Every structure is written in C-alpha cells, then in structure tokens.
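Residue numbers (my numbering), protein chains in the order written: chain Y, 5 to 237; chain R, 5 to 237.
Number of protein chains: 2
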Amino acid sequence: MNRTGRSAVSSEKRGKSLTEQAYAILRERVITGVLPPGVDVSEPELADQLQMSKTPVREALARLCVEGLMEAFPRRGYRVTPVTLKDMDDLFAVRGVLEGTAAALAAQSLTEDELDALDRLADASYIVGEDVSTKTFVTSNETFHSAIAQGSRNPRLHSLVMSHLEECARLFYMGTRIRDINPETINDHHRIVAVLRQRDGEKARLAMIEHNENTRKGLFAAMVANPQPGISL
Amino acid sequence: MNRTGRSAVSSEKRGKSLTEQAYAILRERVITGVLPPGVDVSEPELADQLQMSKTPVREALARLCVEGLMEAFPRRGYRVTPVTLKDMDDLFAVRGVLEGTAAALAAQSLTEDELDALDRLADASYIVGEDVSTKTFVTSNETFHSAIAQGSRNPRLHSLVMSHLEECARLFYMGTRIRDINPETINDHHRIVAVLRQRDGEKARLAMIEHNENTRKGLFAAMVANPQPGISL
DNA sequence: AAATAGATATGCCACGTAGTATACTACTGG
DNA sequence: CCAGTAGTATACTACGTGGCATATCTATTT
Numbered sequence: 005m006n007r008t009g010r011s012a013v014s015s016e017k018r019g020k021s022l023t024e025q026a027y028a029i030l031r032e033r034v035i036t037g038v039l040p041p042g043v044d045v046s047e048p049e050l051a052d053q054l055q056m057s058k059t060p061v062r063e064a065l066a067r068l069c070v071e072g073l074m075e076a077f078p079r080r081g082y083r084v085t086p087v088t089l090k091d092m093d094d095l096f097a098v099r100g101v102l103e104g105t106a107a108a109l110a111a112q113s114l115t116e117d118e119l120d121a122l123d124r125l126a127d128a129s130y131i132v133g134e135d136v137s138t139k140t141f142v143t144s145n146e147t148f149h150s151a152i153a154q155g156s157r158n159p160r161l162h163s164l165v166m167s168h169l170e171e172c173a174r175l176f177y178m179g180t181r182i183r184d185i186n187p188e189t190i191n192d193h194h195r196i197v198a199v200l201r202q203r204d205g206e207k208a209r210l211a212m213i214e215h216n217e218n219t220r221k222g223l224f225a226a227m228v229a230n231p232q233p234g235i236s237l
Numbered sequence: 005m006n007r008t009g010r011s012a013v014s015s016e017k018r019g020k021s022l023t024e025q026a027y028a029i030l031r032e033r034v035i036t037g038v039l040p041p042g043v044d045v046s047e048p049e050l051a052d053q054l055q056m057s058k059t060p061v062r063e064a065l066a067r068l069c070v071e072g073l074m075e076a077f078p079r080r081g082y083r084v085t086p087v088t089l090k091d092m093d094d095l096f097a098v099r100g101v102l103e104g105t106a107a108a109l110a111a112q113s114l115t116e117d118e119l120d121a122l123d124r125l126a127d128a129s130y131i132v133g134e135d136v137s138t139k140t141f142v143t144s145n146e147t148f149h150s151a152i153a154q155g156s157r158n159p160r161l162h163s164l165v166m167s168h169l170e171e172c173a174r175l176f177y178m179g180t181r182i183r184d185i186n187p188e189t190i191n192d193h194h195r196i197v198a199v200l201r202q203r204d205g206e207k208a209r210l211a212m213i214e215h216n217e218n219t220r221k222g223l224f225a226a227m228v229a230n231p232q233p234g235i236s237l
C-alpha cells in the first residue's frame with residue numbers, strides 16, 4: 005500500500021463517504037439540540053431518514069459513542085447521552101485546564117500575523133452584537149478558541165480543545181439566553197489577545213481560565229433560569 | 005426502550021461481542037508492539053486471523069482510528085500510527101497537564117483508605133524491583149496512576165488520563181530499557197503519595213508534573229540508545 | 001513514458017441470527 | 001368471580017455474514 009503524500013481520513017477534506025455524512029449530520033443534530041439529551045435513536049429509523057443503509061449509520065453511531073455524545077445499549081439501542089450538572093462541571097474543569105495550557109503555550113509561539121488574526125476574530129464576535137444567533141455565536145467562538153489552541157503547536161492539545169469546545173457548544177444551544185453571557189465573552193476575548201501579545205504565558209493561562217469560569221457561570225445561570233429537557237440538575 | 009438499571013456498553017463487564025473482542029486484541033497488539041508503528045493492516049487479513057467477518061474488524065479499526073492508534077486511508081487501507089519525536093513530546097506535555105490537575109484535585113478528595121491503597125500500589129511497584137518485565141511494570145504503573153486520576157472525582161478527566169497513559173505504555177514497550185527509568189519512578193510515586201497525604205494540591209501537581217518529566221527523559225534516553233523501527237527521530 | 005489490465009483494498013448493502021422488552025394469555029390462589 | 005402472577009408469543013433491536021461495486025495501486029504492455 006502506497007501512501008506517499010496522502011493524508012489520512014481525519015484530514016481528508018472531501019468526506020464523500022456515507023459514513024462521514026451520517027456522522028456529520030448526527031453530530032450536528034446532537035450538538036444543536038435537534039436530538040436532545042436522553043432521546044432514543046435506532047439504526048433503522050435513522051437509516052430511513054438519511055436514505056442510506058444501516059451500516060454507515062451504525063458506524064457513525066459507534067463513533068459518536070466513542071466521543072461520548074451517544075451511549076450504546078447492546079442489543080437494545082442507542083440514546084443521546086444525558087447531561088447532568090456534574091457532567092457540565094467536569095467538562096468545564098477539564099476545558100479550563102486544556103485551554104489554559106494552550107494559551108500559555110500559544111503566548112510563546114504565536115506569530116504577529118496570527119495575533120492580528122485573533123484581533124479580527126474577537127472583533128467579528130463583537131460586531132454581531134446584540135441579536136446574535138446561537139449558531140453564529142458558537143461558530144465565531146469556536147474559530148477564536150481554535151486559533152489559540154492551534155498556536156500551542158501541539159496538534160494533540162488542539163484536537164482535545166476542539167472536542168471539548170464542541171461539547172460546550174452543545175450546552176450553548178441549550179442555554180438559550182446567549183445574550184446574557186455575550187458581552188462578557190467579548191471582553192474576555194480581547195483581554196486574552198492582549199496578554200498573548202505580551203508573550204506572558206502565565207498571564208494568558210490565567211486569563212483563559214478566568215474566561216472559562218465566566219462562561220461556565222453565565223451558562224449555568226442561563227440554565228437554571230431556563231430549564232432544558234434531558235438535563236438533570 | 006427500557007433502560008432502567010442497565011448500564012451502557014462502555015461499562016459492561018462481559019464484552020462478548022466480536023467487535024469488542026477484535027478491539028481488545030488489536031489494541032493490545034498495537035500497545036505491546038506486536039503491531040509496530042507504521043505497519044499496514046487490512047480488514048480481510050485480520051478477519052482471517054481473528055476468525056471472524058470483516059464487519060467487527062472494521063468497527064474495531066474505526067475505533068482505534070478515533071483513539072489515534074491507527075490511521076485510515078480511505079479505499080486503501082489502515083496503518084498503525086507512526087510515532088515521531090514531536091508526537092511523543094506533545095503526548096507527554098498533555099499528559100503532564102492532565103495528571104498534574106488530577107493529582108491536585110485528588111489531594112483534596114482522596115480518603116485515608118485510598119491513600120493507604122496508593123501506598124500499597126507504590127510498594128508493589130517497588131517489590132518487582134530489578135528484573136521487572138515490561139508488562140508488569142506497565143500494569144502496576146497504570147494502576148497507580150489510575151487510582152490517583154480517579155481521586156479527582158472527575159470521570160472525564162480520569163478517562164483522558166487513562167487513554168494518555170495507554171499511549172505512553174505503548175512507548176514503554178518500545179523503549180526496552182525499563183530498568184533505566186524504574187528506580188526513579190518508584191521514588192517519584194512515593195513522593196507523590198506523600199504530598200497527597202499533606203492535602204497540598206499545588207505540591208501534588210508539581211510532583212506529578214516532575215514525575216512526568218522524569219519518565220519522559222528516561223524514555224527518550226532509552227529510545228535514542230535503542231532505536232526502534234517505525235519511530236522517526 | 002503513457003496507457004491499460006489485474007489484483008486488492010475499502011464502502012456499502014441485503015439478509016439472516018440472536019437477544020431484549022412488551023403485550024398477551026393462561027393459570028393459580030383468594 | 002376476580003386479582004395477581006408466571007409463562008409465552010411477538011415485535012422490536014443490534015449484531016454479524018457474505019457478496020457486490022468501486023476506487024486505488026502495481027505491473028505489464030504498447
């Protein structure tokens with residue numbers, strides 16, 4: 005088998021396979037809340053919906069199980085992983101550590117161009133302002149955080165940050181009052197870029213951890229004010 | 005679908021399905037070096053070896069790909085993920101952060117019984133002493149680190165620590181001179197338990213990070229002294 | 001050197017198997 | 001006669017097999 009100059013599936017751009025499609029669609033549905041936590045899904049039902057055989061659906065579900073977005077009950081079916089307050093706490097705890105580390109490393113290796121790009125990304129988040137939809141907020145937020153994580157020059161760390169970011173995004177789609185945490189988020193972002201420009205790793209770590217804590221608080225407040233189905237508090 | 009009192013597949017003890025079997029066998033082969041980094045594997049070949057159809061093999065390979073132990077090349081095949089020096093550096097960097105955090109949290113929540121158990125685990129590592137086989141060393145080491153990570157009371161963090169620990173174990177099986185890093189490891193372990201007993205989270209974090217750094221250095225030294233196939237330095 | 005044919009890999013599917021939960025029935029005890 | 005329970009039938013579910021189609025790589029031929 006010759007692989008010279010070829011990339012593995014994880015970095016393939018044109019994911020044409022049905023398995024990839026099913027995975028992308030189902031993951032999107034889980035994250036955006038179309039498939040809320042706790043609901044049951046079955047292979048034949050999804051295969052019918054997605055107009056494909058059960059096999060690609062099955063493989064997509066298996067992948068989602070590994071990532072923790074779904075749970076498999078052998079011989080019985082699948083369920084979208086329920087979310088508890090403890091889970092959310094744990095998630096944000098790990099995310100803070102990972103992103104804090106990424107920011108500390110990024111402070112020492114980000115180029116000037118990348119820092120400028122970060123400024124623009126933070127501004128873009130600001131521009132959308134008040135009536136920002138959840139989707140645009142999540143997308144813009146992910147781009148910003150991803151850029152910093154990539155600045156760590158540690159692909160493994162970047163990948164971990166991204167997967168945790170996506171799980172947080174799932175929570176954003178549940179906490180409907182995005183506006184409540186938005187302005188603080190923008191300020192945090194700008195402050196993070198500022199300390200990154202100072203090349204101060206420890207300051208950057210602390211700024212990122214504090215930002216993480218702020219979003220956690222805002223999200224939790226929005227959630228208790230607006231309880232969601234499938235979330236045990 | 006009724007799930008009262010039932011557990012998901014991830015926590016099922018009796019993994020009877022062929023997919024689970026194939027996954028366990030292949031993962032073991034990759035970690036222990038029976039399948040060294042860089043070698044090609046194919047579904048039909050493995051299906052023949054494991055006396056099963058291609059489907060369970062395929063799902064096991066997919067799972068290994070998600071975990072990063074294998075790479076998928078669409079329409080062409082699979083390959084055991086090659087290991088580079090950069091990858092190892094990145095791995096240890098992330099591992100240090102994760103385990104350091106776990107230790108810091110564990111310092112505040114480990115019970116006296118659990119601390120006693122940790123002492124015994126550290127002693128068990130010591131007893132095996134000089135002529136320790138790689139497998140017993142890896143197993144004992146994993147048990148010790150797992151117990152601390154579990155003390156963080158953060159299942160997500162524990163799971164991440166374990167997966168990284170297993171990837172490190174894979175490197176241990178390659179760096180054949182386990183003896184070179186063994187005594188230092190035992191001392192580190194005892195020191196970690198000591199600071200955990202002091203309930204000092206920051207000390208525990210630092211001790212764990214230093215231990216991580218020591219094993220990294222020892223492993224790298226053993227590797228340059230004894231180059232392995234499939235590892236680009 | 002370019003084109004082509006063969007070999008081999010995955011991607012996908014239809015079908016059969018086996019395990020599980022539920023609904024129904026029959027039986028038992030009051 | 002009724003209530004409750006044990007057993008059974010059925011209708012789901014995932015699991016696994018084998019085969020076909022298609023894409024890719026290699027070796028050969030023009």
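Built from N, CA and C at the ideal position, the CB exists for glycine as well. From a predicted model like this one, the values you see are computed outputs, not experimental measurements.
Along chain R, which residues have their Cβ under 9 Å away from the Cβ of residue i?
i	result
Y:Val101	Val101, Leu102, Gly104, Thr105 and Leu161
Looking at residue i: is its Cβ nearer than 7 Å to the Cβ of residue j?
i	j	result
Y:Asp44	R:Met178	no
R:Pro48	R:Val84	no
R:Ala173	R:Val199	no
Y:Glu214	Y:Leu95	no
R:Ser46	R:Gly81	yes
Y:His194	Y:Phe148	no
Y:Leu122	Y:Ala151	yes
Y:Ser61	Y:Leu73	Inspection of the sequence shows that residue 61 of chain Y is occupied by Val rather than by Ser. It is not a contact, given that the beta carbons lie outside the stated cut-off.
R:Ala106	R:Val70	no
R:Leu109	R:Ser156	yes
Y:Ala126	Y:Ser144	no
Y:Arg160	R:Val87	no
Assuming residue i and residue j make a contact with CB atoms under 8 Å, what is their CB distance in whole Å?
i	j	result
R:Ile190	R:Ala211	Wrong, their Cβ atoms sit about 14 Å apart, outside the cutoff.
R:Ala66	R:Ala26	Actually they do not touch by this definition, with Cβ atoms about 11 Å apart.
R:Asn216	R:Glu103	6 Å
Y:Leu68	Y:Val34	7 Å
Y:Gln112	Y:Arg203	6 Å
Y:Leu169	Y:Leu223	Not confirmed; about 13 Å, so no contact.
R:Ser21	Y:Pro231	Not quite, the Cβ-Cβ distance comes to about 37 Å (not below 8 Å), so this is no contact.
R:Val38	Y:Val101	With 8 Å as the limit, R:Val38 and Y:Val101 do not qualify as a contact, their Cβ atoms being about 34 Å apart.
List the residues of chain Y whose Cβ lies closer than 7 Å to the Cβ of residue i, in chain order.
i	result
R:Ser238	The structure shown has nothing for residue 238 of chain R, since chain R only spans 5 to 237.
R:Met5	Asp44, Arg80 and Gly81
DSSP puts residue i in a beta bridge; with which residues?
i	result
R:Ser57	DSSP, once it has assigned bridges, lists no residue as partnering R:Ser57.
R:Val84	R:Met74
R:Asp94	In DSSP, R:Asp94 forms no bridge with anything.
Y:Asp44	Y:Arg83
Y:Ser113	DSSP output for Y:Ser113 lists no bridge partner at all.
Y:Ile235	Y:Val87
Closer than 9 Å by beta-carbon distance: list the chain Y residues that pair up with residue i, in chain order.
i	result
R:Asn145	Here the premise fails: no neighbours, minimum Cβ distance about 21 Å.
R:Glu63	Arg62, Glu63 and Ala66
How would you list, in chain order, the residues of chain R whose beta-carbon sits under 8 Å from the beta-carbon of residue i?
i	result
Y:Leu164	Val98 and Leu164
Y:Val70	Arg67, Val70 and Glu71
List the residues of chain Y that residue i touches, going by C-beta distances under 8 Å, in chain order.
i	result
R:Leu95	Arg160
_Please give me, in chain order, every unbroken run of the alpha helix (DSSP H) with length at least 4 that falls completely inside the stretch 137–168 of chain R._
138–154
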